[in-house]
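Going by my numbering, the sequence shown runs without a break in its numbering and finishes at 282. Cβ atoms here follow ideal geometry from the backbone N, Cα and C, with glycine treated the same way. Remarks on the structure that follows.
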Amino acid sequence: MPWLAAAYSFVMKAQKNQDGLTNLPTRQLLSRRRALAARLGGAEQVLTGTLTEQVRRCGKAGCRCAEGEPHGPYAFFVPKTAARGRLRYVPASLAGVVRRYLRNGEEIERLLAEISAINAELLARRELS
Ligand SMILES: [Zn+2]
């Protein structure tokens, strides 16, 4: 199916142009990489995952939840790594902190993805060292 290969190649080119790295001179890639890495400083306060809300049933006979009016909603942190994807209860007093950590996590993942894209471009130029 040659049209498929052509379409794939087209998509790859479009993707490559989208990040615009191929058009930048190497020295600009290096300074951009340095600037991105400098923003990784606050890497301690990081959570990767999501915040979710769930309702619960306590199981006690005669409780309102047995009648279909569940407890909650309660907030839970869901770690990104599926293997250890156990929900962690988030008390209301910590919800703001957890949100901040999640935002930091997203930011750092974005920065790492950009740095990796730059390094992939440097590799394509045989200028990765
Ligand atoms: Zn209940």
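Asked: DSSP three-state assignment for Thr-179, whether helix, strand or coil; Found: helix
Asked: Boundaries of the beta strand (DSSP E) in which Lys-225 is found, first to last residue; Found: A quick correction: the sequence has Gly, not Lys, at residue 225. It spans 224-232 - the beta strand (DSSP E) in which Gly-225 sits, taken as one unbroken run.
Asked: Residue span of the beta strand (DSSP E) that contains Arg-241, given as start and end; Found: 241-243
Asked: Neighbour-count burial assignment, Ala-228, 16 or more Cβ in a 10 Å radius; Found: buried
Asked: Collapsed DSSP secondary structure at Leu-264 in the structure displayed; Found: helix
Asked: Distance between beta carbons of Leu-182 and Glu-274, contact taken as under 8 angstroms; Found: 6 angstroms
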